[in-house]
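Enquirer: Take any residue in the sequence shown, count from 1 to its spot, add 1247: that is its number in the numbering used here. Just so you know, even glycine gets a beta-carbon here, dropped at the ideal spot from N, CA and C. All values derive from a computational prediction rather than experimental measurement.
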Amino acid sequence: ERDDSPSRVVFEGLHAFDFGTSTSPVMEAFTPITPSTLYSKGRGYGLKNARIWRAFDALQPDPLYQDFLCIEAGGLAVDLPNGKYRVFVNIDSPSGYWGEYQTYRKRAIFAERRPVVSETMDFEAFRKQYFRFWNVEDLPADNTFDKYQKAYYHEKQFDVEVTDGQLNLDFRGENWACCVSAVVIFPVEKAAQGERFLNYMEAKRRFYFENAFKRVLPTPTGDSLEPTAEDRRRGFVLFQRDPMQDISYNDTPFKQEVVNTVRGSAFAGEFEPVTVGVVPLSDLGKVTLSVGDLQGPAATIPARMIDVRYVSYRISRVTAEGSVYTISPRLILPGGTVEMPKNLTRRFWLTVWPPPSIRPGDYRGTISIHAGDGRDWQVPLEFQVRAGTLDPVDIPAGPFGHAIGIPWYQDDPRAAEYNRQMVERSLRRMRAYGFTACTGLPSISFHGFAKGKPILDFTAADRQMKLARDLGFLAVTTYGGGVSGFDAYYQDSSAMTGAGFQDYAAFVRAVYSAVQQHARRNHWIPVYYNLADEPLGQDAIRAAENAEAYRRAFPMGPPFFTGASSFTGSDRNDPHFRLSKALHVVSWNNHDEPGVALLHAAGSDWAFYNGGNRWTFGTYMFKAAREYGMKFRISWHWNVVAGDPYYALDCREDDYAWCNASPTGRLIPSVEFERLREGLDDYRRLITLDRLAKEHPDTPAARAARELIATRMKSFHLGQRDHDALFPSSDWSEFRRTVDDAIERLRQ
C-alpha cells in the first residue's frame, strides 16, 4: 500500500531540507542539501558561503537525523516572499558510526545576520550530558525512541522577519558543533499546518527507528511461583541462583533455588560473588539491602569487606548491528537501594572479600532488607572460608584497553585529570581482580632521525610503564598504543628512506634497539609490540612481509613482536601462517592443536585473543598455557563505549565493556567482568592444585589431584571454547567445589 502521508502534510509556503552526503537517504517530503547544493537564483535555495568541515552519515537512527553537514561558518539561503517565518533546525548529532561524540565549546545560529541561538558548553555540562543515562534502567514499559532519541536532540525553533526576499541562516562553531541535519521553514500565519508537518516528521522518524530496531524481550526462566505464607507476609520470594546464570526482570526461581539462608564460599583473599534474587509479590517501593559483619572462628569479616550492589537491566544488542535488541541484566550498580515494583525480579550482587590472613572456617551474619514503607526483614548469610590462599595468575592475562575516557577536549585540565584518574583506577581494579596484562601501553612517539639516531619521546610511556610495573602487571601489548610516527602494520618506505635507510629491517633495528635500551634502563615489564590487526587477503601477505623484516631485525627478541590473526590446521602455505611464524608470539583468535604444533615447529609461539568468558580465562586457559605453551591471553575490551556510553544502539557496535564509569569516576562493572574474574579464580585453583600435588607427590591426595586435573584436560580440546556445550551449567559450581576440596586435602 502506497504511503501518501507526506502529501497530506505538505502545504504552500513550506520548505523542508534534509542535509547530508550525496549518497545518504532523504526523508520523504524533504529536499536534499549536499555539499554540492550551492545557492543559485534559478534553484532558489542552497548553501551560501558555507564552510563545511565534514559531510557525515552515521547510518542510524533515521533518514533525517542520521546524516548531516558539519558547518563551521555560512549556511543556507532560501528565496522567500517578505514576511515572518518560523524556522525549525536540528544541529545535534546522533554520534558517528565509529563512535564520534559531538563536542563543542561554543556554537550559534544567525538568522538574517542576527543571533537566534547561542550555546556554550564546559566540562561539567558535557560530563552531565555524557553520563545522563549511567544510572537509568531499561524496562519493558519504556519506549526506546522516546527515552533515547528525544534525549539526543534539542531542536531549535525561532521566528524571523524576511525583508529582502531571502532568508539567510548562518551557523558558527568548530568541527562537530553544528551538525546540521534538518531545516524546516514555514510562514508564521501557517503555524498550525507547520506543527502538523513537524508532528509528521517526528512520527516518520519514529516509524523508521522502530522498523530499523526491533525489540525482543527475554523468555522468562524458572518454575511457577508458589509463595509460602511467610513469603506473602513479607511481600517477596527470596532465592539464590548461581552467578553464572542470569536473572532477568521476568524470571522466577526454580524450586531448588528458593532458600531461607544465603550461602557462599571462597579462599582467603579471593573476591567471591554471593547473589540474592528477590521477586516482589507487591509494590515494595524503594528497597535497601545491607549486610552486617560476618562472625567466625575467633575472627570477623567486616561489613566493609562486603561490596553491596544491584544488577541493572539495560538495552543490549542481539544482532551485531543492533537491528534486534533486548533488555538484559548487564551492569552492577553501586549501593543496595533500588525500586522494587510488583513482579519485577531484582538481583542484588554481594562481593565478599575475606582478608588473606583470615582463619578458615564458617562465618555467619545477616542480610537486612528494608522496604520504603518501613518494614524490615533479616535473612541469614553463611560464608565458608577455605584453608589458605590461591596462587596468583602466573601468565599475562587481561583485557584489550586499559582506560575509561571522557571525550572532552584534552587541553581542559579537568578532562585530562578525570581520564588520568580513570586509567589508574582501571589498572588497580584489574590487578585487584587478578588480571596481569592489558593493551595500549606504552605510548611512544617517533619523530624521525637526527645524527643517525631515532628521536623518541618516552614521557608518557615511562609514566605508564612505571604504574604498570608498580601494580604488578606481568606484560603489556601495544594494540592501541606503541610507537607512533610510522606505520606499524605495513612497511613504511617513506619513513625508512626519510631516515636514510634502504633496508627496512635495518630501519626497524635502529628504532627498536633504542626503544629496548630505554626499556631496560627504566626497568619496564615485557612489552609485545603489535604489528597486525586481523589482515585478510593481500593485506595478510603485506603484513607478513612487514613482520618478516622485524624478525630479521630481532630474530630472538627482545623486543618481542606480536599481531592479531587466526590459523587452524596444517597448511604451511596459508598467508596467515606465514604471518604467524614471522612474529615472535602471534596472537590467535581461532586456533587448534595442529596449528599450534606447526607454529612451534617453525620456531614461534602463540597467544590467545578474544572469545572472553569464564571458561577461556579459567580451565581452558590452564590447558592452553600448561599443555600448549600459550604466552598471554587478552580479550575485547576494557571499555569500548562508542557514542553514548550507556546507550547500546548508537554507532557501529554494542558498548562492549568489562567496566564503565559514573560521572564521579566510580567504576561500574559489567556482570560479565565479574564472571571473567571467576574464570581467573578457576585458573588460580588449578595452578594451586597442580603446585601442591607436585610438593606432596607420593600422597593419596596428590595422586587424586593429578588424576582430577588430567581427567579434566582430556575432556576437551583447543578450540572448544564454550563450557556449556561441553558440560551442564551445574558443572561450574560442582567442579569448583571438587577442586576446592582437593586443595584442602593437600593442605591438611
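Using 10 angstroms around the beta-carbon of Arg1593, count the other beta-carbons present and answer buried if the total reaches 16, otherwise exposed.
Expert: Burial call: buried.
Enquirer: Specify whether the region 1446-1460 and the region 1370-1387 touch according to this definition: at least 3 beta carbon pairs, one from each stretch, less than 8 Å apart.
Expert: Counting Cβ pairs under 8 Å, fewer than three are found: no touch.
Enquirer: For the 8 Å Cβ check, are there 3 or more pairs between the region 1589-1603 and the region 1551-1559?
Expert: The region 1589-1603, when compared against the region 1551-1559, does touch it at the 8 Å Cβ threshold.
Enquirer: Taking only runs that begin and end inside the region 1333-1413, name each unbroken beta strand (DSSP E) of 3 or more residues, in chain order.
Expert: The region 1333-1413 contains these whole beta strand (DSSP E) runs: 1353-1358, 1361-1367, 1403-1409.
Enquirer: Could you tell me the boundaries of the alpha helix (DSSP H) in which Trp1979 lies?
Expert: Residues 1978-1993.
Enquirer: Measure the C-alpha to C-alpha separation of Gly1524 and Ala1752 and round it to an integer number of angstroms.
Expert: Computed Cα separation, rounded: 60 Å.
Enquirer: Do you know how far the Cα of Ala1746 is from the Cα of Gly1699?
Expert: Straight-line Cα distance between these residues: approximately 8 Å.
Enquirer: Go ahead and pull the three-state DSSP assignment for Asn1907.
Expert: In this structure, Asn1907 counts as strand in the three-state DSSP scheme.
Enquirer: Once you ignore the five residues that flank Val1506 on each side, which residues in its own chain have a CB closer than 8 Å to its CB?
Expert: Here the set comprises Leu1485, Phe1486, Gln1487.
Enquirer: Distance check for Ser1563 and Asp1852, CA to CA, integer angstroms please.
Expert: Near 36 Å, if we compare the C-alpha coordinates of Ser1563 and Asp1852.
Enquirer: Excluding the 5 residues flanking Arg1922 on each side, which residues of the same chain have their C-beta closer than 8 Å to its C-beta?
Expert: Around Arg1922: Pro1490, Met1491, Asn1860, Arg1861.
Enquirer: Going by DSSP, what residue range makes up the beta strand (DSSP E) through Phe1433?
Expert: Counting along the chain, the beta strand (DSSP E) containing Phe1433 begins and ends at 1429-1434.
Enquirer: Below 7 Å CB to CB, which residues in the same chain sit around Val1571 once its five sequence neighbours on both sides are set aside?
Expert: So the qualifying residues of the chain are Lys1461, Val1463, Val1565.
Enquirer: May I ask you to report which of helix, strand or coil DSSP gives Gly1321?
Expert: Note: Gly1321 maps to strand in three-state DSSP.
Enquirer: Using C-beta distances below 8 Å, list every residue in its chain close to Ala1355, excluding the 5 sequence neighbours before and after it, in chain order.
Expert: Cβ neighbours of Ala1355 beyond the five flanking positions: Pro1362, Val1364, Ser1365, Glu1366, Phe1418, Arg1419, Gly1420.
Enquirer: Considering only heavy atoms of the ligand HEM, does any lie closer than 7 Å to the CB of Val1986?
Expert: The ligand HEM is not part of this structure, which contains no ligands at all.
Enquirer: Report the residue from Gln1349, Gly1652, His1649 whose alpha carbon sits nearest the alpha carbon of Arg1338.
Expert: Per the sequence shown, residue 1338 should be read as Ile rather than Arg. Nearest C-alpha to Ile1338: Gln1349.
Enquirer: Once you ignore the five residues that flank Cys1317 on each side, which residues in its own chain have a CB closer than 8 Å to its CB?
Expert: Once the five neighbours on either side are set aside, the close Cβ partners of Cys1317 are Ile1299, Trp1300, Arg1301, Ala1302, Phe1303, Asn1422, Trp1423, Ala1424, Cys1425, Cys1426, Val1427.
Enquirer: Compare the Cα-Cα distances from Asn1458 to each of Ala1697, Ala1949, Gly1330, Gln1307 and report the closest residue.
Expert: If we check each option's Cα against that of Asn1458, Gln1307 comes out closest.
Enquirer: With a threshold of 16 other CB atoms inside 10 Å of the CB of Glu1504, please say whether the residue is buried or exposed.
Expert: Buried is the call here.
Enquirer: Whose CA, out of Glu1981, Met1274, Tyr1665, lies closest to the CA of Asp1250?
Expert: The candidate whose alpha carbon is nearest that of Asp1250 is Met1274.
Enquirer: Please go through the region 1610-1635 and give each complete beta strand (DSSP E) segment of 3 or more residues, from N-terminal end onward.
Expert: Here the runs fully enclosed are 1623-1633.
Enquirer: What are the boundary residues of the alpha helix (DSSP H) that includes Glu1840?
Expert: Note, Glu1840: alpha helix (DSSP H), 1840-1848.
Enquirer: Short check: CB of Pro1646 to CB of Met1587, under 8 Å?
Expert: Going by C-beta atoms, Pro1646 is not nearer than 8 Å to Met1587.
Enquirer: I'd like the span of the beta strand (DSSP E) that includes Asn1458, first residue to last.
Expert: No beta strand (DSSP E) holds Asn1458; the alpha helix (DSSP H) holding it covers 1438-1459.
Enquirer: Does DSSP put Leu1939 in a helix, in a strand, or in coil?
Expert: Reduced to three states, the DSSP call for Leu1939 is helix.
Enquirer: With Gln1764 as the anchor, note down where its alpha helix (DSSP H) starts and where it stops.
Expert: Unbroken alpha helix (DSSP H) run through Gln1764: 1751-1768.
Enquirer: My parser needs the beta strand (DSSP E) runs of 3 or more residues fully inside the region 1914-1939; what are they?
Expert: You should have 1914-1916.
Enquirer: In this structure, how does DSSP classify Val1256 when only helix, strand and coil are distinguished?
Expert: Residue state, collapsed to three classes: helix.
Enquirer: Could you tell me which of Lys1713, Glu1517, Arg1819, Asn1820 sits nearest to Asn1769, measuring between CA atoms?
Expert: Closest by alpha carbon: Lys1713.
Enquirer: Going by C-alpha distance, which of Pro1576, Leu1933, Pro1802, His1401 is nearest Asp1498?
Expert: Residue Pro1576 is the option with its Cα nearest to Asp1498.
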